[in-house]
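This report concerns only the one structure given below.
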Amino acid sequence: MTVLPIVGVNDGPRITVNDLINNPTVIPRRILQLAQNQFIADAVLRNAGGNDSGVIEFYASTPLFANDTSSIRGEFGEYKLVNTSLGIPSIATTVDRGLSILVSDEMRMRNKMDPVNIQMTQVMNQIRKDWESAFMGLFLANASVPTFAVATAWATSTTIRNDILKAQKIVNNAVLPGQAANFLNFQADTMIITESSKFDILSSASFNSGTGVYQGNLADENLQYTGVLPQKLLNLDVLVTKDNGALPAGTAVVLERGTVGFISDEEPIQATPLYRDQPRRTWRSDVNRRSAMGLDQPLAAVILTAV
Numbered sequence: 013m014t015v016l017p018i019v020g021v022n023d024g025p026r027i028t029v030n031d032l033i034n035n036p037t038v039i040p041r042r043i044l045q046l047a048q049n050q051f052i053a054d055a056v057l058r059n060a061g062g063n064d065s066g067v068i069e070f071y072a073s074t075p076l077f078a079n080d081t082s083s084i085r086g087e088f089g090e091y092k093l094v095n096t097s098l099g100i101p102s103i104a105t106t107v108d109r110g111l112s113i114l115v116s117d118e119m120r121m122r123n124k125m126d127p128v129n130i131q132m133t134q135v136m137n138q139i140r141k142d143w144e145s146a147f148m149g150l151f152l153a154n155a156s157v158p159t160f161a162v163a164t165a166w167a168t169s170t171t172i173r174n175d176i177l178k179a180q181k182i183v184n185n186a187v188l189p190g191q192a193a194n195f196l197n198f199q200a201d202t203m204i205i206t207e208s209s210k211f212d213i214l215s216s217a218s219f220n221s222g223t224g225v226y227q228g229n230l231a232d233e234n235l236q237y238t239g240v241l242p243q244k245l246l247n248l249d250v251l252v253t254k255d256n257g258a259l260p261a262g263t264a265v266v267l268e269r270g271t272v273g274f275i276s277d278e279e280p281i282q283a284t285p286l287y288r289d290q291p292r293r294t295w296r297s298d299v300n301r302r303s304a305m306g307l308d309q310p311l312a313a314v315i316l317t318a319v
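If you read the sequence shown in my numbering, its first letter stands for residue 13, the second for the next number, and so on.
What follows is the structure, encoded as structure tokens:
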């Protein structure tokens, strides 16, 4: 048996385009690897399970407490019947987003592996970007989500901490209009910001050098010193999206993850095995996700603008 010596990272057996054709599940497996932990909606929204109808019925802003206080029962008495309320009836429908990867006969004959790899990366990135845009649209297009404009843009602000704390306070103290003392018991735990906002926080002298912040033995944890965001920022997990993407510049969202809304897959992210398209003399793999998303507790989020 011939032993192939491996002395460098590029040594070893090479995968050819012909190998992909003869093993039609290689591309789908690669797509699923690229998709792992890439959808921000999966990180923020709770998984509402699958559905086979294409429609999800839900109630928006349903109270989390009964309308009446509990009764005190005396001997031979009975408890009063509870009165409850539901939120606004709403529906969310599944949307099927997808693209196809094409491998031409010429790519196979000439072993053009690089264009195949580029297609896989581009297709996965585009589908992820489109789902991220749909996800952010849930908040930006929903008039029930509270919004407030910060006083000074974070690039020059000395009150970034106060802005974030104000957003947490709005979420944590949310109540339903017209129902006195019926607080919703939310706890903000996540903040979504753009890359620019991340760097504004990292470079903010006031954010990092306030009284009692990062002094003494904690001085080496100063964000200006480390250059990276901590695992928690004011007790919030921070998710960062690219500039010029789904989250508009100068916008941030603070929310309670898993409570604010849901996602339901009719078809989770998937890719078909390569199949023949003879009229076009190509092989193709179709990549898609068919899902529904909705905000059933929009008051569990707040949008900060002008950051």
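For each residue, glycine too, the CB sits at the ideal point set by N, CA and C. Values in this document were obtained by computation on a predicted structure and should not be read as measured data.
For residue i and residue j, I'd like the C-alpha separation in whole angstroms.
| i | j | result |
| --- | --- | --- |
| S303 | L259 | 20 angstroms |
| K178 | F211 | 21 angstroms |
| P127 | W295 | 14 angstroms |
| V266 | M125 | 43 angstroms |
| N63 | T96 | 27 angstroms |
| F70 | D308 | 7 angstroms |
| V107 | F77 | 33 angstroms |
| Q134 | A167 | 32 angstroms |
| T28 | N123 | 6 angstroms |
| R301 | I275 | 12 angstroms |
| R109 | D277 | 12 angstroms |
| M148 | V56 | 11 angstroms |
| T105 | L152 | 18 angstroms |
| Q138 | N79 | 46 angstroms |
| I176 | G66 | 37 angstroms |
| L150 | R85 | 45 angstroms |
| L246 | N59 | 26 angstroms |
| P36 | L286 | 5 angstroms |
| A200 | E87 | 43 angstroms |
| G61 | I68 | 11 angstroms |
| M136 | T81 | 52 angstroms |
| L196 | V314 | 14 angstroms |
Which whole-angstrom value is the C-beta distance of residue i and residue j, which I expect to be below 8 angstroms?
| i | j | result |
| --- | --- | --- |
| T317 | D255 | The Cβ separation is near 16 angstroms, so there is no contact. |
| L251 | I52 | 6 angstroms |
| G306 | G257 | No, G306 and G257 are not in contact; Cβ-Cβ is about 22 angstroms, not under 8 angstroms. |
| P40 | A283 | 4 angstroms |
| V115 | I33 | 7 angstroms |
Taking 7 angstroms as the limit between beta carbons, can you name the residues of its chain near residue i, skipping five residues before and five after?
| i | result |
| --- | --- |
| Q50 | R140 |
| A163 | T171 |
| N154 | L307, P310 |
| Q48 | none |
| M119 | V29, P127, V128 |
| I113 | I39, Q131, M132, V135, R296, S297, V299 |
| S208 | D255, A261 |
Over what stretch of residues does the beta strand (DSSP E) that includes residue i continue unbroken?
| i | result |
| --- | --- |
| S102 | 100-105 |
| V252 | 249-253 |
| R288 | 287-289 |
| Q282 | 274-283 |
| I204 | 202-206 |
| L316 | 313-317 |
| A161 | 159-161 |
What does a CB cutoff of less than 6 angstroms around residue i pick up in its chain, not counting 5 residues either side in sequence?
| i | result |
| --- | --- |
| K92 | S83 |
| G262 | A318, V319 |
| I289 | The displayed chain sequence assigns Asp, not Ile, to residue 289. So the qualifying residues of the chain are R296. |
| P75 | S97, L188, N194 |
| I204 | L251, V265 |
| D117 | R293 |
| I130 | none |
| G99 | Y71, A72, S73, T74 |
| E279 | R302 |
Taking DSSP's pairing of strands, which residues face residue i in a bridge?
| i | result |
| --- | --- |
| Y71 | P101 |
| T37 | T37 is not bridged to any residue. |
| S112 | D298 |
| T263 | T317 |
| V187 | F195 |
| L245 | L248 |
Start and end of the alpha helix (DSSP H) containing residue i?
| i | result |
| --- | --- |
| E268 | From DSSP, E268 is part of no alpha helix (DSSP H); its letter is neither H nor E. |
| W143 | 125-152 |
| D298 | Here D298 belongs to no alpha helix (DSSP H); instead the beta strand (DSSP E) covers 294-306. |
| V29 | 29-34 |
| F219 | 217-220 |
| E118 | 117-121 |
Ordered along the chain, which non-local residues of its own chain (more than five positions away) have a Cβ less than 8 angstroms from that of residue i?
| i | result |
| --- | --- |
| F198 | V183, N184, A186, E268, T271, Q309, L311, A312 |
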